[in-house]
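Residues 163 to 355 in the working numbering are what the sequence shown spells out, letter by letter. Notes follow the structure.
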Amino acid sequence: MRNAVKKTWILPAALAGALTIGVGAADAQVFTPSYQAPVVMNDLGIYLSDGPGDMALEGIYRSGPMGLRIGFVDAVDDLLSLGGEVRVPLESAPIDVAFTAAAQGLIGDFDAIGVQGGLSIGERFVNPGVALTPYIHPRIALIDGIATDDDFEAELLGDLGLDAEFSSNLILRLSIGLSDNTPDVGIGLAWRR
């Protein structure tokens with residue numbers, strides 16, 4: 163009974179928190195979509211995302227709780243994007259929850275860097291032939307560069323995501339940004355190792 167009560171308030175609280183995320187605005191984006199469901203997997207994927215003025219193409223390699231990403235972002239100029247991430251599931255939660263942290267930088271005619279931390283909250287539903295994991299990923303970021311005065315500024319970020327795992331070891335990942343500081347939409351295809 164106690165776990166059922168916890169499940170009833172955690173998801174609405176997370177959704178309410180996500181709705182408040184869309185209040186800030188940035189002139190450009192350091193972070194591409196996280197594509198971090200609360201379920202840890204070993205995979206290699208390619209991802210495309212689009213936001214206001216920013217198109218990104220990147221590859222993400224994940225092994226256990228760690229991940230590396232590299233790609234190109236078209237923001238004001240073509241920029242190289244490099245990043246690292248960690249995702250640690252919280253075992254005591256009644257639904258799937260993982261602590262996430264990441265650093266990402268843009269290198270080109272101008273440089274920018276950001277660090278972020280948050281929670282990925284969702285639930286994995288297994289059906290014959292496919293497993294679906296819808297999730298919400300609110301986080302706080304410190305960003306230096308792009309539209310800032312060379313000082314780190316705090317931003318609220320958030321994504322709604324969906325992982326669709328197929329029996330062929332392919333994973334389709336979708337992401338919808340919930341704030342002005344995250345790309346509007348992202349899609350990717352990964353191979354589970």
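For glycine and all other residues, C-beta sits at the position ideal for the given N, C-alpha and C. None of the values given here were measured: they were computed from a predicted structure.
- The three-state reading of DSSP puts Phe-272 in coil, since its state is none of H, G, I, E or B.
- Closest in alpha carbon position to Arg-249, among Arg-224, Ile-305 and Asp-313, is Arg-224.
- The continuous stretches of beta strand (DSSP E) do not include Ala-255, and DSSP gives it neither H nor E.
- Distance from the CA atom of Ile-275 to the CA atom of Gly-245, rounded to whole angstroms, is 9 Å.
- Here the segment 310 to 324 does not lie against the segment 200 to 209, with fewer than 3 beta-carbon pairs under 8 Å apart.
- The beta-carbon separation of Gly-280 and Arg-301, rounded to 2 Å, stays under the 8 Å limit for a contact.
- Looking at Ala-255, Leu-268 and Glu-253, the one whose alpha-carbon comes closest to that of Asp-240 is Leu-268.
- The beta carbon of Glu-220 sits closer than 7 Å to the beta carbons of Thr-194, Tyr-209, Arg-231, Ile-232, Gly-233 and Ser-243 from its chain, once the five residues preceding and following it are set aside; these are given in chain order.
- The C-beta of Leu-206 has fewer than 16 other C-beta atoms within 10 Å across all chains shown, which makes the residue exposed.
- The shortest C-alpha to C-alpha distance from Ala-264 to any of Ile-333, Arg-354 and Ser-196 is the one to Ser-196.
- Glu-253 is positioned such that its CB atom lies no closer than 7 Å to that of Gly-229.
- Asp-239 is bridged by DSSP to Ala-237.
- With 16 or more other Cβ atoms inside 10 Å of its own Cβ, Ser-211 counts as buried.
- If you keep only unbroken alpha helix (DSSP H) runs of at least 4 residues inside the segment 275 to 345, you get nothing at all.
- For Pro-296, the CB contacts under 6 Å within the same chain, skipping 5 residues up- and downstream, are Gly-284 and Leu-324 in chain order.
- Annotated three-state conformation of Ser-196 is coil, per DSSP.
- Excluding its 5 nearest sequence neighbours in each direction, Phe-261 has C-beta neighbours in its own chain below 7 Å: Val-250, Leu-252 and Leu-281, listed in chain order.
- By the neighbour-count criterion, in which a residue is buried when 16 or more other Cβ atoms sit within 10 angstroms of its Cβ, Ser-337 is buried.
- For Met-203, there is no enclosing beta strand (DSSP E), as DSSP marks it with neither H nor E.
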